[in-house]
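Only one structure is covered here, and it is reproduced in the block below.
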Ligand SMILES: Cc1cc2nc3c(=O)[nH]c(=O)nc-3n(C[C@H](O)[C@H](O)[C@H](O)COP(=O)(O)O)c2cc1C
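In this note's numbering, the protein residues as written are 1053 to 1447.
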């Protein structure tokens, strides 16, 4: 299909001005009069139209397109450079690891590689030598350079689980001395018990146990969630937001590195300042009794292939957060952060969100009013979304 010459499009998430301040209605004559005055005043009508009136419409569209192209191109390049610089500066994809977060990302990714393999139906004994060596090197360095945290504890428990797996199979692990190493890490994290409450390794499950806890009427749950753009004035309890965030923390993330974060604004003055930075909430944002900003930490990523991972991990986390809030009876509306660098800088200035984090989106939140309306937001037909593989038999 040929290119459609649309010219520039305004950000399609900008919402209409609030209906609470309607313009005074104009009579038809007044409206025509003011419209014609506007037209008379227009530079385009005075100068551009007479000069271009003999040019065919399709040419005009092309001319408009090409006239706007340099500005568009520059905007795209400079905004891409803005994103590139963040990833280049803060991720460890270039091979330089200097920050605590860089080492933590490697430790989590590596211990998770081991526990992931232990969750296969038939793991090969003696697997993972390279990963274990790297995990030990990084964790020892981490303990030496930075304070101990749960990533060290999890790494220790994964080593113990790996050792247990080999013991039950009466097989040799890939490396000797794993239990000693794990115990040293546990000592460092002041949790010297070998078997108490493991934080790494595998969890035994049965179909029954998973079904018993997971079989809920998700269809009703999903279809009862709507983007809510009307809120009750009652303040939101911070504990309720914490509960939702804890639930959202169950969201999968690449190698379980858990880059997403949530900034919570419940204070009226603060949330007003934050939501003012977003352009898609006109008409309802001022009613929200809370504003959340979801970000993802670029320091958790260590390869060029992961240059867009922040948006994937962050987007999935945001979705879980929306559903978690819904389950707690709190209404929310996702607010896009599809912005250019100036707006992004302004939000960081207002909130102090560090340059190492990508801003994913905002959420306006609030208790539900007694009765209200939501947009229908009709969904596309299934066939336009679910594309069958070629091997799928036709019905
Ligand atoms: C990333 C993202 C950004 C969004 N931004 C806005 C926004 O700025 N303003 C708004 O009113 N709605 C926004 N929405 C809400 C969508 O319009 C809404 O999710 C969609 O129409 C489906 O409706 P539903 O959420 O009620 O099912 C956004 C949704 C997403 C996922």
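We put the beta carbon where it would ideally sit given N, CA and C, even for glycine.
For the beta strand (DSSP E) containing residue i, name the first residue and the last one.
i	result
residue 1348	1342 to 1349
residue 1418	1409 to 1419
residue 1163	Run containing residue 1163: none in the beta strand (DSSP E); it sits in the alpha helix (DSSP H), 1152 to 1170.
residue 1129	Counting along the chain, residue 1129 falls outside any beta strand (DSSP E), though it belongs to the alpha helix (DSSP H) covering 1109 to 1142.
residue 1275	Where residue 1275 is concerned, there is no enclosing beta strand (DSSP E), although the alpha helix (DSSP H) it sits in stretches over 1270 to 1275.
residue 1380	Neither: residue 1380 is in no beta strand (DSSP E) and is coded neither H nor E.
Suppose the cutoff is 7 Å on Cβ atoms and the five residues either side in sequence are ignored; what does the same chain contact list for residue i look like?
i	result
residue 1188	1233
residue 1309	1157, 1160, 1161, 1352
residue 1284	1418, 1419, 1420, 1421
residue 1152	1198
Can you give the beta carbon distance from residue i to residue j, rounded, assuming they're within the 8 Å contact cut?
i	j	result
residue 1414	residue 1282	Incorrect: roughly 17 Å between the Cβ atoms, too far for contact.
residue 1260	residue 1349	No, residue 1260 and residue 1349 are not in contact; Cβ-Cβ is about 38 Å, not under 8 Å.
residue 1356	residue 1145	5 Å
residue 1214	residue 1170	7 Å
residue 1241	residue 1204	5 Å
residue 1362	residue 1417	Contact doesn't hold; Cβ gap of about 22 Å is too wide.
residue 1209	residue 1251	5 Å
residue 1269	residue 1311	Not a contact, Cβ separation roughly 32 Å.
residue 1382	residue 1288	7 Å
residue 1307	residue 1164	5 Å
residue 1393	residue 1347	No, residue 1393 and residue 1347 are not in contact; Cβ-Cβ is about 16 Å, not under 8 Å.
residue 1326	residue 1297	About 17 Å; that fails the 8 Å criterion.
residue 1253	residue 1167	6 Å
residue 1386	residue 1374	7 Å
residue 1315	residue 1405	6 Å
For residue i, which residues of its own chain have a beta-carbon under 8 Å away from its beta-carbon, when the five flanking residues on both sides are left out?
i	result
residue 1178	1218, 1223, 1224, 1225, 1226
residue 1429	1278, 1279
residue 1193	1155
residue 1292	1380, 1382
May I ask which residues mark the beginning and end of the alpha helix (DSSP H) holding residue i?
i	result
residue 1266	1259 to 1266
residue 1180	No alpha helix (DSSP H) contains residue 1180, which DSSP labels as neither H nor E.
residue 1291	1290 to 1300
residue 1403	1393 to 1403
residue 1103	1101 to 1104
With a CB to CB cut of under 6 Å and the five nearest residues on each side skipped, what residues in its chain are close to residue i?
i	result
residue 1372	1300, 1303
residue 1212	1234
residue 1286	1419
residue 1342	1288, 1318, 1417
residue 1109	none
residue 1221	1177
Using 8 Å as the limit for Cβ to Cβ distance, is residue i near chain D?
i	result
residue 1399	Reference to chain D is not applicable here, since this structure consists of a single protein chain.
Ligand 3 and residue i: does the residue's C-beta get closer than 7 Å to at least one heavy atom of that ligand?
i	result
residue 1413	For ligand 3, the structure offers nothing, since it holds only ligand 1.
| field | Uninterrupted beta strand (DSSP E) stretches inside the stretch 1307 to 1372 (no shorter than 3 residues) | value | Complete beta strand (DSSP E) runs here, min 3: 1312 to 1317, 1342 to 1349.
| task | Ignoring anything shorter than 4 residues or poking outside the stretch 1196 to 1238, list the alpha helix (DSSP H) runs there in chain order. | result | Fully enclosed alpha helix (DSSP H) runs of 4 or longer: 1202 to 1220.
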